[in-house]
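So the structure is just underneath, and the comments pick up after that.
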Amino acid sequence: MALTQADVLAGLKEIVEEVAGIPAASIELDKNFSDDLEVDSLSMVEVVVASEERFGVKIPDDQVTELKTVGDAVNFIVKASA
Amino acid sequence: MSAQRRVVVTGLGATTPIGGDASSTWAALLAGKSGVRTLTEDWANTIPVNFAARVAVDPSEVMERVELRKLDRSEAFALIAAREAWKDAGSPEVDNERLGVVIASGIGGVTTLLDQYDVLKEKGARSVSPYTVPMLMPNGPAAHVGLEFKARAGVHTPVSACASGAEAIGYAFEMIRNNRADVIFSGGVEAAIHALPMAGFAAMKALSTRSDAPERASRPYDLDRDGFVLGEGGGVLILEEYEHAKARGAKIYCEIAGQGLTSDGFHIAAPDPDGIGVQRAIKFALADAGISTKDVVHLNAHATSTPAGDVAEANALRLALGTDADHVAVSATKSMTGHLLGGAGAIESVFLVKAIQDRLAPPTINIENLDPAVTVDVVRDKPRVLPTGDIAALNDSFGFGGHNVVLVFKSVN
Chain H
796 MALTQADVLA GLKEIVEEVA GIPAASIELD KNFSDDLEVD SLSMVEVVVA
846 SEERFGVKIP DDQVTELKTV GDAVNFIVKA SA
Chain L
13 MSAQRRVVVT GLGATTPIGG DASSTWAALL AGKSGVRTLT EDWANTIPVN
63 FAARVAVDPS EVMERVELRK LDRSEAFALI AAREAWKDAG SPEVDNERLG
113 VVIASGIGGV TTLLDQYDVL KEKGARSVSP YTVPMLMPNG PAAHVGLEFK
163 ARAGVHTPVS ACASGAEAIG YAFEMIRNNR ADVIFSGGVE AAIHALPMAG
213 FAAMKALSTR SDAPERASRP YDLDRDGFVL GEGGGVLILE EYEHAKARGA
263 KIYCEIAGQG LTSDGFHIAA PDPDGIGVQR AIKFALADAG ISTKDVVHLN
313 AHATSTPAGD VAEANALRLA LGTDADHVAV SATKSMTGHL LGGAGAIESV
363 FLVKAIQDRL APPTINIENL DPAVTVDVVR DKPRVLPTGD IAALNDSFGF
413 GGHNVVLVFK SVN
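Quick note, the sequences are listed as chains H and L, same order. For the first sequence, the working numbering gives the first residue as 796, with consecutive numbering after it. For the second sequence, the working numbering gives the first residue as 13, with consecutive numbering after it.
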């Protein structure tokens, strides 16, 4: 069953808060992981692996560099779950 | 030719089994408190020794969770001690290219290595933390301190088992003396309380098995000592070039005046019973500092509470110091802190600095029957007052592999 954008955003907020310590309230679709949320390349690996586990999707390594914003990640995960 | 650059201590930091900072640790040490406890982890009863000396204040009480999850426990200890030491030194203004870090560890991020190996086996490679390597590398503690304070004169990590912490301070001393830096974070840390390293030390019969009275188990120089007690934590000293410290009006604790380094070439783990390497290290250290055995009033011994090591060291001290050993107050503080391996030489250097400042040699606890083979003057049960005036004190540290390090600390007028 496909996940909704709202489900994925809520889950991703929890993951980013856990990994990077960014308060969930300040995590929005247009935020850039590295510039706005200070999620560096190593932390991004943690976000990806945690997202795969949580949402039951695969995020191939060559796609990770394309996920620049929270919105990019949410859209990717929603599509991948469809 | 310019005069030799002198090196002084201007800041102290520590997190140990008896205190969360340098001053509370020192107060507990003078009070003769033991930091050794029965371990509460489930694995503790699966190995031959179920006690150790955990830090008095866990890093989770003083650091944010998000910061800690990217740090090995040894790296957290280094940051805690370094932040305290930096503040204690008055957060000096220093050119970053003249700021260095030399922080050692005996074993490095061994708990990270073992925990992530468990993750690999249980959940697969994809779940292994991307921070595994920066957390397990032995230079991680030094690197994190260097990163936080933007130290650019050099970040180093000497590794010589239980002599590592003292070797780091000696390395930093040389860096300042050789004009590579003006201010350096120096010290050592260890976080190896885990079933595997403890099982390994137990297999060597190196650990005490006095599980019915863990706080009495670390008993250097006692006739019934049966091994060391593993401790964790670390210490950091800010070393600074003397003129640099004077120019900024820094509080100067004391001077590091010399060091002696030798190796035994004898056995991978056992001490040379003749202690020739230790004697040579003491002689080199005194010569390097330009002082004689007459000037030495206090010594913080390596004395880990092993049957062979304590006597070999005491014999070497007696031979190296001769009749002047009669006026050297010898303290074995591992009786209270346990043995911090790569952190030992560092916290014991913090203790020496405090001893010179307060003119008090800390006690050695748990000696019920002094081993008659020990022919040095051991400070027992209560602190002993040290002389006023110019004094010198020694820290000796030895490591598996036959490493011997002796540091000379001297009062500054």
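Even for Gly, the Cβ is constructed at its ideal location relative to N, Cα and C.
Cutoff 8 Å; reference residue i; Cβ partners in own chain excluding five residues on either side
i, result
"Met-13 (chain L)", "Any reading at Met-13 (chain L) needs caution, since the residue's pLDDT is 45, under 50, leaving its predicted position unreliable; the model's value is listed next. Taken in chain order, the list of residues that qualify is empty."
"Lys-217 (chain L)", "Gly-239"
"Glu-823 (chain H)", "Val-865"
"Asp-825 (chain H)", "Thr-864, Val-865 and Gly-866"
"Gln-858 (chain H)", "Phe-871"
"Asn-381 (chain L)", "Asp-234, Leu-235 and Asp-236"
Buried or exposed by the 16-neighbour rule on C-beta atoms within 10 Å, applied to residue i
i, result
"Trp-98 (chain L)", "buried"
"Phe-278 (chain L)", "exposed"
"Ala-320 (chain L)", "exposed"
"Arg-138 (chain L)", "exposed"
"Ala-257 (chain L)", "buried"
"Trp-38 (chain L)", "buried"
"Lys-394 (chain L)", "exposed"
"Asp-107 (chain L)", "exposed"
"Asn-312 (chain L)", "buried"
"Pro-60 (chain L)", "exposed"
"Tyr-129 (chain L)", "exposed"
"Glu-253 (chain L)", "buried"
"Gln-16 (chain L)", "exposed"
"Pro-153 (chain L)", "buried"
CA-to-CA distance, residue j to residue i, given in whole angstroms
i, j, result
"Asn-425 (chain L)", "Asp-402 (chain L)", "8 Å"
"Asp-835 (chain H)", "Gly-177 (chain L)", "32 Å"
"Phe-296 (chain L)", "Leu-398 (chain L)", "24 Å"
"Ala-845 (chain H)", "His-351 (chain L)", "38 Å"
"Thr-400 (chain L)", "Ile-379 (chain L)", "28 Å"
"Asp-856 (chain H)", "Phe-850 (chain H)", "17 Å"
"Asn-327 (chain L)", "Ala-282 (chain L)", "15 Å"
"Leu-353 (chain L)", "Arg-81 (chain L)", "24 Å"
"Val-873 (chain H)", "Gly-806 (chain H)", "12 Å"
"Leu-83 (chain L)", "Thr-318 (chain L)", "32 Å"
"Gln-800 (chain H)", "Ala-875 (chain H)", "12 Å"
"Leu-251 (chain L)", "Thr-860 (chain H)", "44 Å"
"Ile-264 (chain L)", "Thr-221 (chain L)", "42 Å"
"Thr-387 (chain L)", "Ala-341 (chain L)", "12 Å"
Whole-number beta carbon distance between residue j and residue i, since they are thought to touch under 8 Å
i, j, result
"Val-308 (chain L)", "Asp-336 (chain L)", "7 Å"
"Arg-49 (chain L)", "Pro-226 (chain L)", "6 Å"
"Asn-407 (chain L)", "Asp-276 (chain L)", "Going by Cβ atoms, the distance from Asn-407 (chain L) to Asp-276 (chain L) rounds to 18 Å, so no, they are not a contact pair."
"Ala-373 (chain L)", "Val-391 (chain L)", "5 Å"
"Ala-163 (chain L)", "Glu-96 (chain L)", "So it is not a contact: roughly 17 Å between Cβ atoms."
"Met-149 (chain L)", "Gly-120 (chain L)", "6 Å"
"Arg-260 (chain L)", "Pro-104 (chain L)", "6 Å"
"Thr-27 (chain L)", "Val-78 (chain L)", "About 20 Å; that fails the 8 Å criterion."
Reduced DSSP secondary structure (H/G/I, E/B, other) of residue i
i, result
"Ser-230 (chain L)", "coil"
"Glu-267 (chain L)", "strand"
"Val-140 (chain L)", "coil"
"His-206 (chain L)", "coil"
"Met-13 (chain L)", "Reliability fails at Met-13 (chain L), whose pLDDT of 45 lies under 50, so the model's placement of it is uncertain and no value is given."
"Val-201 (chain L)", "strand"
"Leu-242 (chain L)", "strand"
"Ser-343 (chain L)", "strand"
"Arg-392 (chain L)", "strand"
"Gly-212 (chain L)", "helix"
"Gly-25 (chain L)", "strand"
"Val-114 (chain L)", "strand"
"Lys-863 (chain H)", "coil"
"Lys-422 (chain L)", "strand"
"Gly-152 (chain L)", "helix"
"Arg-81 (chain L)", "coil"
"Thr-305 (chain L)", "helix"
"Ala-163 (chain L)", "coil"
"Ser-821 (chain H)", "helix"
"Ile-250 (chain L)", "strand"
Neighbourhood of residue i by C-beta, 6 Å cutoff - its chain only, sequence neighbours within 5 removed
i, result
"Leu-208 (chain L)", "Leu-126"
"Ala-193 (chain L)", "Arg-110, Gly-112, Ala-165 and Met-187"
"Phe-213 (chain L)", "Leu-219"
"Leu-132 (chain L)", "Val-140"
"Gly-411 (chain L)", "Ser-172, Ala-173, Cys-174 and Ala-175"
"Tyr-143 (chain L)", "Lys-82"
Proximal residues to residue i (C-beta, below 7 Å), its chain only, five neighbours per side dropped
i, result
"Gly-199 (chain L)", "Ala-93, Ile-115, Gly-177, Ala-180, Ile-181, Gly-246, Gly-247, Val-248, Leu-249 and Ala-358"
"Ala-155 (chain L)", "Val-167"
"Asn-827 (chain H)", "Lys-863 and Thr-864"
"His-206 (chain L)", "Val-122, Thr-123 and Leu-126"
"His-339 (chain L)", "Val-309"
"Tyr-183 (chain L)", "Val-114, His-168 and Pro-170"
"Asn-62 (chain L)", "Thr-50, Leu-51, Ala-56 and Ser-223"
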